[in-house]
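Asks:
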Amino acid sequence: MFDYKKFENDLVAAMETTLHNWAEEYDDIYILSLDCARDMTSVGMMANTEQHLNEESDAEDDDYWFYKYCEEEWELFEAGGLAKEISSYMRQYAEENDARFTDPETFEFTEEFDEHCDQMIDACERAIRRLRQSVHQDFPKLLLAFHIREYLDDEDRAEFFASVNSKEASKEYAAHIEDFN
Numbered sequence: 057m058f059d060y061k062k063f064e065n066d067l068v069a070a071m072e073t074t075l076h077n078w079a080e081e082y083d084d085i086y087i088l089s090l091d092c093a094r095d096m097t098s099v100g101m102m103a104n105t106e107q108h109l110n111e112e113s114d115a116e117d118d119d120y121w122f123y124k125y126c127e128e129e130w131e132l133f134e135a136g137g138l139a140k141e142i143s144s145y146m147r148q149y150a151e152e153n154d155a156r157f158t159d160p161e162t163f164e165f166t167e168e169f170d171e172h173c174d175q176m177i178d179a180c181e182r183a184i185r186r187l188r189q190s191v192h193q194d195f196p197k198l199l200l201a202f203h204i205r206e207y208l209d210d211e212d213r214a215e216f217f218a219s220v221n222s223k224e225a226s227k228e229y230a231a232h233i234e235d236f237n
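Numbering-wise (this note's numbering), the sequence shown opens with residue 57 and increments by one.
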C-alpha cells in the first residue's frame, strides 16, 4: 500500500530543503515548481531566477511569458537528495503494481492507476500548499507551481496556481498560459 501521507510529508521536506539550499546561492528566485512524471515514478523541483529570466528575455519580447513560466526553460533543477529517495519509492511502487496499473493488451493505464494518480496529485497539491505556509515568512513573493508534463490542462494548472499565489500573479499566469504550456 502506498503511503500518501508519508509521500506528502517527504515532498514538503524536500521542497523546503531544496529551496533553502538554492536561496543560499541565489537571492532572486521568483518561482518554484514541483514537477511530477506522468507515470508517477519520479519528482523533482524546478525554479527560476530573475537574472536568468532577464538573460533569456525581457518583458517587451514576444517570448517573455514562455521564459517566465515554462519550467523546461528555467535555470534550476533538483532531482537528487530527498527527491531521489521519493522517486525511488514512487518507482518501486509502480513497478510492484505494473500488472494492476497497465493493461497488457493496450499498454494504457488502468482505472486503478488513475485512482492512484489522483491520490498522488492530491498529495502533491497539499504538499505545495503546506510549503506556501512554511516558507511564506522567508519568501513572501515566491510563486509556486505544479507541473505534470502532458497531463494537467491549462485550466487545471491556472486554477491550482491561483490557489497558492497572489491574485495579481494568478491573473498574469492565466492570461499567458497558452504562451508557455
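Glycine included, C-beta positions come from ideal geometry on N, C-alpha and C.
If you check the beta carbons only, do T74 and M96 fall under 8 Å apart?
Replies: Here residue 74 refers to the residue found at position 18 of the sequence shown. Here residue 96 refers to the residue found at position 40 of the sequence shown. The answer is no: Cβ separation not under 8 Å.
Asks: Based on the DSSP output, what are the partners of N77 in its beta bridges?
Replies: As a working note, residue 77 is residue 21 in the sequence shown. Paired residue(s): none; N77 is not in a bridge.
Asks: Buried or exposed for S89, please, with buried defined as at least 16 other CB atoms from any protein chain shown within 10 angstroms of its CB.
Replies: Position 33 of the sequence shown, counted from the start, is the residue given in the question as residue 89. Its Cβ being crowded by 16 or more others within 10 Å, S89 is buried.
Asks: State the CB to CB distance for the pair I233 and C92, rounded to an integer number of angstroms; the pair is presumed to be in contact (CB under 8 Å).
Replies: As a first step, residue 233 is located in the sequence shown; it is residue number 177 there, counting from the start. As a first step, residue 92 is located in the sequence shown; it is residue number 36 there, counting from the start. In fact, because the Cβ distance is near 18 Å, the residues do not count as touching under 8 Å.
Asks: Only counting the same chain, and skipping five residues up and downstream in sequence, which positions put a Cβ closer than 7 Å to that of A201?
Replies: Position 145 of the sequence shown holds residue 201. Here the set comprises I87, S89, F217.
Asks: So, at 6 Å on beta carbons, what are the nonlocal neighbours of D66 in its own chain, with the 5 sequence-adjacent residues on each side left out?
Replies: To locate residue 66, count along the sequence shown from 1; it is residue 10. Excluding sequence neighbours, D66 sits near I142.
Asks: Within 10 Å of its beta-carbon, does H172 have 16 or more other beta-carbons around it, so buried, or fewer, so exposed?
Replies: As a first step, residue 172 is located in the sequence shown; it is residue number 116 there, counting from the start. Counting Cβ neighbours within 10 Å, H172 comes out buried, since at least 16 surround it.
Asks: Among S144, L208, W130, which one has its Cα closest to the Cα of G136?
Replies: By one-based count along the sequence shown, residue 136 stands at place 80. Residue S144 is the option with its Cα nearest to G136.
Asks: Quick one: measure Cβ to Cβ for E129 and E112, integer angstroms, because I've assumed they're closer than 8 Å.
Replies: Sequence index remark: in the sequence shown, residue 129 carries index 73 (1-based). Sequence index remark: in the sequence shown, residue 112 carries index 56 (1-based). Contact flag correct, Cβ pair sits at about 7 Å.
Asks: Among S190, Y120, D154, S219, which residue has its Cα nearest to the Cα of E106?
Replies: Stepping through the sequence shown from its first residue, residue 106 is reached at position 50. Residue Y120 is the option with its Cα nearest to E106.
Asks: Find out if the Cβ-Cβ distance for the pair V191, L198 is shorter than 8 Å.
Replies: Against the sequence shown, residue 191 aligns to sequence position 135. Against the sequence shown, residue 198 aligns to sequence position 142. For V191 and L198, yes; Cβs fall inside 8 Å.
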